[in-house]
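Participant: Okay, here's the structure, questions in a sec.
So, in C-alpha cells, the structure goes:
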C-alpha cells in the first residue's frame, strides 16, 4: 500500500512484542520482492540476542535492508540499559550506512550520539520540544502524524491511536503538539533539512483511513 501511493520509500517496522514481529520468512519474502525496509532490535530485551541472529543474517544478504538498534522501553519488557546496545552496535559497524541507533533520556542520548559519531551511524530520535545538538551526526527524526484540515479532528484521532505511547512519555494534551504533528500536511516542511531523515508514523483508524492518510502525504514526497 505504501509503495503504491508514495513510491519507493523505506518502511520501518517496530514490533512492540514477539507476536507482532515479522518472522524471518515474512521479512525475506518482502526483501525478495524488492521492498526497502528496516526492522527494529530492542537491545535490552531478553530475546534481543535471538532476534539479532535473524536481523544480522538479513543485513548480510540484502543491501536494501536496514537495522534500527534501540535501547528499548521498560513497557515492552526491556531493561532500558544502554550497555546492551554496545555489542550489537559493534557488530553492525560494517553496515553503518544502514544502521540507526536510538535512545531516550539525556545520558543515553549523549552516549548514542557519541556511538553514531564513532561508527558513522544515523541517530534515531523522537520528536520532542527539547532542541537536539546532533554534533553533525545524521539524524532520523521519528514523528507521529495525522493529516487533516481540522486540527481538532486530527488531534483526537492521534490522541486515541497513540494513547499508550503518549502515556509512557507523560505527554499531556496541552503538550501534544511538541511530540507529534497534526493538521495540514504542510507542517512537515518545518522538519526537513539536509541532514535529517523524517520517519513518519501516520495515525489511522483502519486500512481505508491509512490509504487516505498516505494520499494526503503524497505531495510531501513529491
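In this note's numbering, the protein residues as written are 348 to 569. Even glycine gets a Cβ: it sits at the ideal position worked out from N, Cα and C.
(1) Who are residue 385's beta bridge partners in DSSP?
(2) Tell me residue 472's beta-bridge partners as DSSP assigns them.
(3) What residue range does the beta strand (DSSP E) around residue 548 cover?
(4) DSSP three-state label for residue 528, please.
(5) Would you mind reading off the limits of the alpha helix (DSSP H) that contains residue 511?
(6) Would you check if the stretch 492-503 and the stretch 461-471 touch, i.e. whether three or more CB-CB distances between them fall below 8 Å?
(7) Thinking C-alpha only, which one of 363, 368, 410 is nearest residue 357?
(8) Taking all protein chains shown into account, do 16 or more other C-beta atoms lie within 10 angstroms of the C-beta of residue 441, making it buried, or fewer, making it exposed?
(9) Give me the Cβ distance between residue 387 and residue 361, rounded to the nearest whole Å; I'm assuming they're in contact under 8 Å.
(10) Express the C-alpha separation of residue 417 and residue 521 in angstroms, rounding to a whole number.
(11) Just to check my reading of the structure: residue 561 and residue 353 have Cβ atoms closer than 8 Å, yes? What is that Cβ distance to the nearest angstrom?
(12) Determine the contact status of residue 475 and residue 412, defining contact as a CB-CB distance below 8 Å.
(13) Put residue 477 into one of helix, strand or coil per three-state DSSP.
(14) Is residue 487 closer than 8 Å to residue 512 when the C-beta atoms are compared?
(15) Can you tell me the Cβ-Cβ gap for residue 348 and residue 510, rounded? I've got them flagged as a contact below 8 Å.
(16) Leaving out five residues on either side along the sequence, give the residues of the same chain with a beta carbon under 8 Å from the beta carbon of residue 469.
Facilitator: Result, derived from the coordinates:
(1) 359, 413
(2) 488
(3) 543-549
(4) strand
(5) 510-515
(6) no
(7) 410
(8) exposed
(9) 4 Å
(10) 28 Å
(11) 6 Å
(12) no
(13) coil
(14) no
(15) Actually they do not touch by this definition, with Cβ atoms about 24 Å apart.
(16) 446, 447, 448, 463, 484, 485, 486, 487, 544
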